[in-house]
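Here the structure is laid out as structure tokens; the discussion comes afterwards.
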């Protein structure tokens, strides 16, 4: 084990009807609320009404910024921060999935500063405070509701960096599985891929921790058992709650206890596919992970063997990789670039973007040749 | 799943040498430190020197209370609180196992009040604030380092109640596995029993949560794999760290995510054995748990079957119970009252104490007849 610190201050409210406690929680932070959300779907599924109702009960005034994209962009963050600054908001309520919550985290840092959001993302300035952030989750996937990470892309520079600060843990997050009922099958599947990929990034990180690895395989098992059932019954509370809870656990810190960090090389590859071709985040990972595993198979043989025994009843690394591929296919997620109409004609563009963005793993290093080989495994 | 809240504010520092960060952390809370510990063993194993060194680096003054017993008593809590009050301490540093940390939690509440500690334990008064508490763990067992619970006994009334308050989470806890090297084999074993029992109390609690149950079986597996190895190599860092981390996870909240609460009936029985005959806490649990499982076997058959498959490669509830019994024996822990020289001549006294203390499970209810039957299973 590596030395480590556990310090997760987010208060997570999980279960049916938990949104009814939002007004009480809001009361702790002030009377001026910046409400951030994505497309207008929350207006059709009653979530918006419930949020506004809670804000009214709290006797607070609300300023809105909507339209955050599913691969969120930095220009929205700057525009939302301006709304927050102009209206001197006390607290931010982010309603959505990881895109909205990640954006809101950077907004929370940008509101009290004069710098652009991109200056923050690029670590040109070091924020010293943030506006308190409350998250209301509507998509089970990224774990953003209980972690200090954010990923936002820059369409001009074609970059999609990650950002970390203890200042951006949500103060409170509200997770009602009913709020995810309207997520369609494809995005539900991508969320399941994303949570499995997060667990794997922890698993392949630096440092051996047997108990953490057992937690990780528990999370993946849960996703493999209930993910396919959920896709058959999108409105079943039990399956929505299991996937929602598993997604939180996959990136709330517990998959890296006793590790130096996760690997995150596959996420880097996925981000390039998203920033170049607007590939949904989860879909980029179901393509990149099997290829990455195949390429590093010899180095990760023992670890694959552990997962194989836990998940697929086999110690064989190759069969284990096939198991993951089959699982992603079973969810209806793409496992090859060709599934998205991409192929070798995009190789140069993709490799260039990976190199420009310095994509690498923290544990398994990748140079240009490695990335090219992984590309070939993604293509075919 | 039941609705639930995750909210654990303790900052946990885990690993070799983490105590070197104590001075920095102390600086956040003030200059007057109440140092609480047990017997003088920390003076022989260099821990005391390291703590005092850190307090000196922080330029703080220290007031000491030592002599906390391994089944801690309320009179020590009152006496220590008086020392804290008289010296207007800003922060408490508790160095020890669960007994010391549990005592320190009640001390932290009692210092700013005029009431006795027993008034607090009995909920006659409701504390509104506490002195910040920093824990330095020297025994892997109770999980007190990362939870809001405390158990202290009253020798006069022969009661050993549990207490809960969000005010008593340690602000920081320092866990260096090296600090547990000097724990002898028997108490090391009792600590392992205790952590397994905590995981089981969560497992048998109200509410089904498949992922939490997977986490629980992960923790028990870890204890079963590395507990016996540790007992053979008491000074091996790797085994000390694995058991120390497993013990924290067994009672830091994650074993009751999505459950109404744990059961805790077995702990109630164990506390009566401790308060009557000074039985070490873990030793009381290795006797009580197998008996409790045998008595409730029909009601918990399916749950035992799940554990059996995960831990003992069998779906058979009876074989699973035998597996736990064998494991406790392998650790050298008692599994029958007769192992401690207790027997049927103590039945009336034990049953009376159980009844007086209203011992019961939160999920599996026990009346007098149930308790008598469980006693018989503990005896023989």
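Chains as they are written, first to last, in this note's numbering: chain A, 1 to 380; chain B, 1001 to 1380. Even glycine gets a Cβ: it sits at the ideal position worked out from N, Cα and C.
Asked                                                                                                                                                                                  : Found
Of the choices B:1376, B:1027, B:1288, whose alpha-carbon is the least far from that of residue 1132 of chain B?                                                                       : B:1027
Short check: CB of residue 350 of chain A to CB of residue 286 of chain A, under 8 angstroms?                                                                                          : no
Would you please verify whether the beta carbon of residue 210 of chain A is less than 8 angstroms from any beta carbon of chain C?                                                    : In the displayed structure, chain C is absent; the protein chains listed are A and B.
Please decide whether residue 218 of chain A counts as near chain B, where near means a Cβ-Cβ distance under 8 angstroms.                                                              : yes
Under the three-state reduction of DSSP, which class applies to residue 1125 of chain B: helix, strand or coil?                                                                        : coil
Indicate whether residue 1018 of chain B and residue 1077 of chain B have their beta-carbon atoms separated by less than 8 angstroms.                                                  : no
Return yes when the Cβ of residue 1175 of chain B is within less than 8 angstroms of the Cβ of residue 1244 of chain B, no when it is not.                                             : yes
So with CB distances below 7 angstroms, who are the chain A contacts of residue 1178 of chain B?                                                                                       : Chain A residues near residue 1178 of chain B: none, gap ~12 angstroms exceeds 7 angstroms.
By the DSSP assignment, the beta strand (DSSP E) with residue 1006 of chain B in it spans what residues?                                                                               : 1004-1006
Relative to chain A, which residues along the stretch 1238-1265 of chain B have a C-beta separation below 9 angstroms, given in chain order?                                           : 1238, 1241, 1242, 1245, 1246, 1248, 1249, 1252, 1254, 1257, 1258
Quick test of the definition: if touching needs 3 or more C-beta pairs under 8 angstroms, does the stretch 1051-1066 of chain B touch the stretch 1266-1281 of chain B?                : no
Hey, residue 190 of chain A and residue 81 of chain A are a contact pair by Cβ (cut 8 angstroms); roughly how many whole angstroms apart?                                              : Not quite, the Cβ-Cβ distance comes to about 28 angstroms (not below 8 angstroms), so this is no contact.
Give the C-beta separation of residue 1014 of chain B and residue 4 of chain A to the nearest angstrom, bearing in mind that I take them to be a contact with Cβ-Cβ under 8 angstroms. : 5 angstroms
Measure the C-alpha to C-alpha separation of residue 1359 of chain B and residue 186 of chain A and round it to an integer number of angstroms.                                        : 51 angstroms
How would you write the range of the beta strand (DSSP E) that residue 14 of chain A sits in, first residue to last?                                                                   : 11-14
What are the boundary residues of the alpha helix (DSSP H) that residue 379 of chain A is part of?                                                                                     : 368-379
Would you list, in chain order, the members of the stretch 1002-1017 of chain B that have their beta-carbon closer than 8 angstroms to a beta-carbon of chain A?                       : 1002, 1003, 1004, 1005, 1006, 1007, 1008, 1009, 1010, 1011, 1012, 1013, 1014, 1015, 1016, 1017
Touching or not, the stretch 1247-1262 of chain B and the stretch 1203-1210 of chain B, by the rule of three or more beta carbon pairs under 8 angstroms?                              : yes
Does residue 282 of chain A come out as helix, strand or coil in the three-state DSSP assignment?                                                                                      : helix
Do three or more CB pairs link the stretch 301-310 of chain A to the stretch 333-346 of chain A at distances below 8 angstroms?                                                        : no
Tell me, please, whether the stretch 145-163 of chain A touches the stretch 95-112 of chain A by the rule of three or more beta-carbon pairs shorter than 8 angstroms.                 : yes
I'd like to know if residue 1145 of chain B contacts chain A, where contact means its C-beta is closer than 8 angstroms to some C-beta of that chain.                                  : no
Hey, out of A:302, A:242, A:289, A:314, whose CA is closest to residue 141 of chain A's CA?                                                                                            : A:242
Between which two residues does the beta strand (DSSP E) containing residue 64 of chain A stretch?                                                                                     : 61-65
Cβ of residue 216 of chain A within 8 angstroms of Cβ of residue 227 of chain A?                                                                                                       : no
Closer than 9 angstroms, Cβ to Cβ, to anything on chain A: give me those residues from the stretch 1083-1105 of chain B, in chain order.                                               : none
Does the distance from the CB of residue 134 of chain A to the CB of residue 117 of chain A come in under 8 angstroms?                                                                 : no
When burial is assigned at 16 or more other CB atoms within 10 Å of the CB, is residue 302 of chain A buried or exposed?                                                               : exposed
Using the Cα positions of residue 51 of chain A and residue 1248 of chain B, report the straight-line distance between them to the nearest angstrom.                                   : 37 angstroms
Return the chain-ordered ranges of every alpha helix (DSSP H) run that is complete within the stretch 204-228 of chain A and spans a minimum of 4 residues.                            : none
Nearest to residue 127 of chain A by alpha carbon, out of A:137, A:115, A:138?                                                                                                         : A:115
From residue 277 of chain A to residue 353 of chain A, what does the alpha carbon distance come to, in whole angstroms?                                                                : 12 angstroms
Is there a Cβ of chain A sitting closer than 8 angstroms to that of residue 1222 of chain B, yes or no?                                                                                : yes
With 8 angstroms set as the bound, which would you pick, yes or no: does the beta-carbon of residue 1164 of chain B sit closer than that to a beta-carbon of chain A?                  : no
Grouping DSSP H, G and I as helix and E and B as strand, with all else coil, what is residue 1299 of chain B?                                                                          : coil
To the nearest angstrom, report how far apart residue 138 of chain A and residue 252 of chain A are at their CA atoms.                                                                 : 17 angstroms
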